[in-house]
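Notes follow the structure.
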Amino acid sequence: MQLTDQSLLKQQCYINGEWKTALSQATITVNNPATGEHIAQVPNMGRIETELAIKGAEKAFKQWKNFSVRDRSKILKNWYQLIIANKEDLGLLLCLEQGKPLPEAIREVVHGASYIEWYAEEAKRISGDILPIPAVDKRAFVTKEPIGVCAAITPWNFPNSMITRKVSPALAAGCSVIVRPASKTPLSALALAELAHRAGLPDGVFNVITGSREIGDTLAESPIVRKFSFTGSTEVGAKLMAQCASTVKKMTLELGGNAPFIIFDDANIEEAVKGVIANKYRNAGQTCVCANRIYVHDKIYDEFIHQLSIAVDTLKVGNGLDEGVNIGPLIDQSAVHKVKEHIQDALEKGATLIRGGKTHSLGGLFFEPTILANVTQSMKVAREETFGPLAPIIRFYTEEEVITYANDTIFGLASYFFSQDLARIFRVSEALEYGMVGANTGTLSNEMAPFGGVKQSGIGREGSKYGVADYLEIKYTLLGGLS
Ligand SMILES: NC(=O)C1=CN([C@@H]2O[C@H](COP(=O)(O)OP(=O)(O)OC[C@H]3O[C@@H](n4cnc5c(N)ncnc54)[C@H](O)[C@@H]3O)[C@@H](O)[C@H]2O)C=CC1
Ligand SMILES: O=C(O)[C@H](O)CS(=O)(=O)O
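Counting along the sequence shown from 1, when you hit position 342 you're at 342 in UniProt numbering, and nothing is skipped either side.
Now the structure itself:
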């Protein structure tokens, strides 16, 4: 791996300001999903190392919470500037360990850094309240204080921005953090730790530990860890929530999705096709906010499928390092299996294959961008999160019918629709049971907006002024004897 700054390839964990190997010397291999080649190895740590990290983070919290907000903000801004200055190297690490095309990987790095830039300023906007005077000899006020030691477990699909989206509000609030990244994609988190160290973050304030499930168990069960932030599947999120219950931790859960993408008969079809392409095939469809069901009104159904097919034909599948590639590999064989399972189930139940439908001729983990027509609500692809480059098209006839379809899921993360009727835009946006709604757009995320879901898609928000509140506790103080 040829980085401009080779020291950003870290193969040890960052704990209490030091780079460490596992006590057992055990390691985990990191492979490039595009080629299968071994690109690095990181420590396979467990309970003992995690407990050491927790102790160090507890000590560091006591120091970091007493930094002035101006000093915390300055260090976050240093970190932001170092990330931007090294975005090509960080993008290359990301592309090699996760597979997304290099330009898309660099965009993720810049997107991830935008949260640090945002929270560097939000640190200065954490304020409390002076309350009404309860009695002539008393004064009352509210202050907001950092929660304390925080833990974060992150997924493989956005190995850079999922780290910064959790760590930056925590640090801005004055907390210390221990991050356990996905074992498939740890290099981005470790490189971010190196740059945080260079930015002047005190030892123990930000820690990155790689290894076994024991890490998650230890973090979830520790009474010192007061906040747990998890991004990943609903199944695992629920398990962690149960584990954290024994020590009554505050939770942020960014979980699974099943996004509806509705195209009404009054939509601008060309714009809707662009929106679907930008949304559905980003990261090879491996995002929790990808359209999982595409509903198209009967009147424009055939025209939409025709135009979407033409657009899908222009997508290039390949190694993310190659020029012009739009879709990289899926993360592993189980991901390929799930896409195939959803396609097979749909075809057996009457769907029609319009484009793709099988492993790409490149083999390995590459999969053809796929379109299925005549899909129905009863098919697996409409009920489960596919997490792959599969666009299932479902026909609908009325607004009432499609809203019922769209809301018929345990998930409630992102939703989208295209319409040029203003009254309909307000009606549909208010009727959709989701944390986020995109109207006439297929992309939602930015650092100024509250990202998160309802129902079984999670708890809490990341990004915006709302994101820092999840790392603060409210304290009420009453001053008596002032007569
Ligand atoms: N709501 C959101 O913002 C996002 C949600 N996701 C969801 O995550 C899933 C895909 O990502 P995956 O990494 O495969 O999800 P996953 O839930 O299997 O794993 C997520 C992370 O949790 C770890 N993990 C798994 N089981 C664990 C356990 N029992 N204890 C502690 N840690 C455990 C994994 O190693 C990984 O680091 C999809 O369902 C997707 O929708 C992914 C990214 C963002
Ligand atoms: O993991 C994900 O799906 C991300 O949260 C999507 S986004 O924030 O990059 O849009």
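Ideal placement from N, C-alpha and C gives every residue a C-beta, glycine not left out.
Predicted, not measured: the structure shown is a model, and the values here were computed from it.
Taking the CA atoms as reference points, L195 sits about 50 Å from Y301. Per DSSP, M251 is not a residue of any alpha helix (DSSP H); the beta strand (DSSP E) it occupies stretches across 250-254. Assigned with DSSP and collapsed to three states, I209 falls in coil, not helix or strand. For K62, the closest of G232, L482, F264, C175 by C-alpha to C-alpha distance is C175. The alpha-carbon of T370 is positioned some 11 Å away from that of L315. For the pair P329 and L365, the CB atoms are nearer than the 7 Å cut-off.
Leaving aside the five residues that flank I410 on each side, the residues in its chain whose CB is nearer than 7 Å to its CB run, in chain order, K455, Q456. If only uninterrupted alpha helix (DSSP H) runs of at least 4 residues are considered, those enclosed by the segment 65-144 are 69-85, 87-98, 102-122. The beta carbons of P33 and I327 sit no closer together than 7 Å. Residue N374 holds the alpha-carbon nearest to the alpha-carbon of D298 among E323, N374, E271. Boundaries for C244: no beta strand (DSSP E) harbours it, while the alpha helix (DSSP H) harbouring it runs 234-245, taken from the DSSP string.
For A170, no beta strand (DSSP E) encloses it; the enclosing alpha helix (DSSP H) starts and ends at 161-173. For N292, the number of other beta carbons within 10 angstroms of its own is at least 16, and it is reported as buried.
Exclusion of the five residues before and after I54 leaves V149, I178, S222, I224, V225 as the residues of its chain whose Cβ lies within less than 7 Å of its Cβ. If you draw a straight line from the Cα of D322 to the Cα of P103, it is about 10 Å long. One thing to note: V289 has its Cβ within 7 Å of the Cβ of G257. The beta-carbon separation of T210 and I15, rounded to 11 Å, does not stay under the 8 Å limit for a contact. Taking 7 Å as the cut-off, the beta carbon of H342 is found closer than this to the beta carbon of K380. Proximity of the beta carbon of S168 to ligand 2 is not indicated: no heavy atom of the ligand is located closer than 6 Å. Under the 10 Å beta carbon count, L422 is surrounded by fewer than 16 other beta carbons and is classified as exposed.
A Cβ-Cβ distance of about 5 Å is found for the pair A40 and Q11, placing them in contact under the 8 Å criterion. Counting only residues of its own chain and dropping the five nearest sequence neighbours on each side, P134 has a CB closer than 8 Å to the CB of A140, L478. At least one heavy atom of ligand 2 sits closer than 6 Å to the Cβ of C288. Per DSSP, the unbroken alpha helix (DSSP H) holding A335 starts and ends at 333-348. For a cut-off of 8 Å, the C-beta gap from L171 to R72 is around 7 Å, short enough to register as a contact. Inclusion of S445 in the 6 Å shell around ligand 2 follows from its C-beta lying nearer than that to a non-hydrogen atom of the ligand. Residue burial is scored here from C-beta neighbours: M448 has fewer than 16 other C-beta atoms within 10 angstroms and is therefore classed as exposed. At the C-beta level, R355 and V312 come within 7 Å of one another.
In terms of Cβ geometry, A152 and V69 do not form a close pair [threshold 7 Å].
The beta carbon of K20 sits closer than 6 Å to those of Q12, C13, all from its chain and outside the five residues before and after it, given in chain order.
Closer than 6 Å to some heavy atom of ligand 1: that describes the Cβ of R213. With fewer than 16 other CB atoms across the displayed protein chains lying within 10 angstroms of its CB, Y397 is exposed. Take the alpha-carbon of S445 and the one of K249: they are about 27 Å apart.
V428: member of the alpha helix (DSSP H) spanning 422-431, first to last residue. The three-state secondary structure of R461, taken from DSSP, is coil.
When C-beta atoms of the segment 228-236 are compared with those of the segment 151-168, three or more pairs fall below 8 Å, so the two segments count as touching.
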